[in-house]
Ligand code: DX5
Ligand code: ZN
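In the numbering used here, the protein residues as written are 31 to 262.
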């Protein structure tokens, strides 16, 4: 039996479509859905908060029509308050806003929840988790970046494991069983360590889409995380 009175949140695999073939986006989404994805990770970049530009509201609207899976919108943008409503209206089920550009985390979470979506705060590799932890009660998820945001296909930053452990321990201590998502460089060779450190939502872009057989790779990921019995 778990030491905590709260059940551990379920494991979820979230392929990041940043690494999909955008010319065949519909097919790619159907393929990962059929192959067992739990949600679709949707990376929004504004060329300001991060040094890259990706996709936005009209694409999310189209993706919404292609799948019933929850859409996990990761807003790597400088002015999230201006756009959260549009993203929820376009069909996002979960919105992650970066703590580095969020001055009032409880107010932002309340706003996202009020619009009918789940609220998450993302933390960059160089940002201390304690910038977010005081507000954990207001959140449905905490997103830990394990690469510098902006590009797919980067190497996993190992210090993210300590951050995950700190976050999950603190959540357990406070009886909170919310999702903790890890994003960046998640592959077969580190997914078990990431689960053991406390993550339960696993974003993988190049790790899934860089592989010819989505069902096989996600099946292998799921097998590896299922072997780790419980979060810390
Ligand atoms: C990076 C994005 C990630 C990215 C992950 O800024 O937030 O979601 O797509 O891609 P991989 O798994 O290739 O690191
Ligand atoms: Zn992301």
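All residues carry an ideal CB built from backbone N, CA and C; glycine is no exception.
Beta-carbon proximity of residue i to residue j, cut-off 8 Å
i: residue 84; j: residue 96; result: no
i: residue 172; j: residue 153; result: yes
i: residue 49; j: residue 236; result: yes
i: residue 174; j: residue 194; result: yes
Beta-carbon contacts of residue i that lie in its chain and below 6 Å, excluding the five residues immediately before and after
i: residue 59; result: 96, 97
i: residue 94; result: 121
i: residue 77; result: 83
i: residue 227; result: 191, 194, 195
Inter-residue Cα distance where the pair is residue i and residue j
i: residue 159; j: residue 199; result: 12 Å
i: residue 42; j: residue 234; result: 11 Å
i: residue 218; j: residue 250; result: 7 Å
i: residue 242; j: residue 61; result: 11 Å
i: residue 190; j: residue 161; result: 15 Å
i: residue 144; j: residue 164; result: 21 Å
i: residue 245; j: residue 67; result: 9 Å
Reference residue i, options the options, closest by Cα
i: residue 102; options: 112, 91, 109, 108; result: 91
i: residue 2; options: 145, 182, 150; result: Lying before the first or after the last residue shown, residue 2 is absent from the chain, which here runs from 31 to 262.
i: residue 150; options: 127, 131, 252; result: 127
i: residue 70; options: 227, 259, 239; result: 239
i: residue 155; options: 135, 130, 246; result: 130
7 Å Cβ shell around residue i - same chain, five flanking residues per side excluded
i: residue 196; result: 159
i: residue 51; result: 58
Contacts around residue i, its chain only, beta-carbon distance under 8 Å, and the 5 residues preceding and following it disregarded
i: residue 232; result: 41, 42, 43, 44, 211, 212, 216, 221, 224, 225, 251, 255
i: residue 180; result: 75, 80, 81, 82, 106
Heavy atom of the ligand SAH within 7 Å of residue i beta-carbon
i: residue 179; result: The ligand SAH is not among the ligands present in this structure, which contains only the ligand DX5 and the ligand ZN.
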